[in-house]
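First comes the structure, then the notes that go with it.
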Amino acid sequence: MFIPEIGTPKTSMGWVYTTFLIVYTIGMLPGGWLIDRIGPGRALAIFGITMGTFSVLTGVIGWFTLDPTGLLVALLVIRGLGGVCNAPLHPGAARVVSDIVPPDRRATANGLITAGALVGIAFCFPVLGWLMDSLSWQWAFVIGGSLLLVYGVLWLALPSHDWRHWPTTQESLPVQALRLRQMISFELCRPAPSCARSC
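Using the numbering used here, read the sequence shown as starting at 2 and increasing by one per residue.
The structure is reproduced here in structure tokens:
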């Protein structure tokens, strides 16, 4: 929606989307190292706070950068940095599952988390589309990023858990889903700022 508004060719905006994905992919190894170094809980909190911040900045630069070239450069930088910040998400979620879910139930737990991401993506497009139509693309990024930023701060503020010492007894699937509710809700919240890269 914002491509015609800012006067940037679609191919140039394609580089913005590609930059996010390339940097995201490259960031997987350092993201995994960070998770091993500080633990998945803190890494996921950092992800939420930083990705939320860069999503908010994506909208904010739209208000202050009127020149199409300047906006394109700013989007390349901000979305690229957002890609780095997004990298710990999936390795962090997998680490949490590995630490707290018995081996014979890990595939189900990973399925729940992935389903949460897909549900988030499914709702992302109509909700952000409505925000873009009702307010502006800038507000869509600011609102979506703010939600993720708040979630990251709350995640950090909650008492930390030593994931390795969570009970791993044979629990029912609903109990495991409750244990993973933070991860699932994090996945539901996450796509809001990142799916707008396709708009």
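Ideal placement from N, C-alpha and C gives every residue a C-beta, glycine not left out.
Between Val17 and the set Leu90, Val98 and Ala75, the nearest pair of CA atoms involves Ala75.
Apart from the 5 residues on each side of it in sequence, Phe21 sits with its Cβ closer than 7 Å to the Cβ of Arg80, Gly81, Gly83, Gly84 and Arg198 in its chain, given in chain order. In the three-state reduction of the DSSP assignment, Ala88 falls in the coil class.
With at least 16 other beta carbons inside 10 angstroms of its own, Ser56 counts as buried.
In the three-state scheme derived from DSSP, where H, G and I count as helix and E and B as strand, Asp68 is classed as coil. Boundaries of the alpha helix (DSSP H) harbouring Gly121: Arg107 to Ser135, taken from the DSSP string. Following the DSSP letters along the chain, one finds Val102 in no alpha helix (DSSP H), marked with neither H nor E. Per DSSP, Gly33 is one residue of the alpha helix (DSSP H) stretching across Met29 to Ile39. Distance from the CA atom of Gly71 to the CA atom of Thr12, rounded to whole angstroms, is 16 Å. Taking 7 Å as the cut-off, the Cβ atoms of Ala118 and Tyr25 do not count as close. At a Cβ-Cβ threshold of 7 Å, Met52 and Leu149 count as neighbours.
Counting every other CB atom within 10 Å of its CB across the protein chains shown gives Trp138 a total of 16 or more, marking it as buried.
Distance from the Cα of Arg96 is smallest, within the candidate group Leu157, Gly146, Trp156 and Arg38, for Arg38. Residue nearest to Ala116 within the set Ala46, Val128 and Ala94 is Ala94 (criterion: CA-CA distance).
In this structure, the CA atom of Gly32 is about 8 Å from the CA atom of Pro92.
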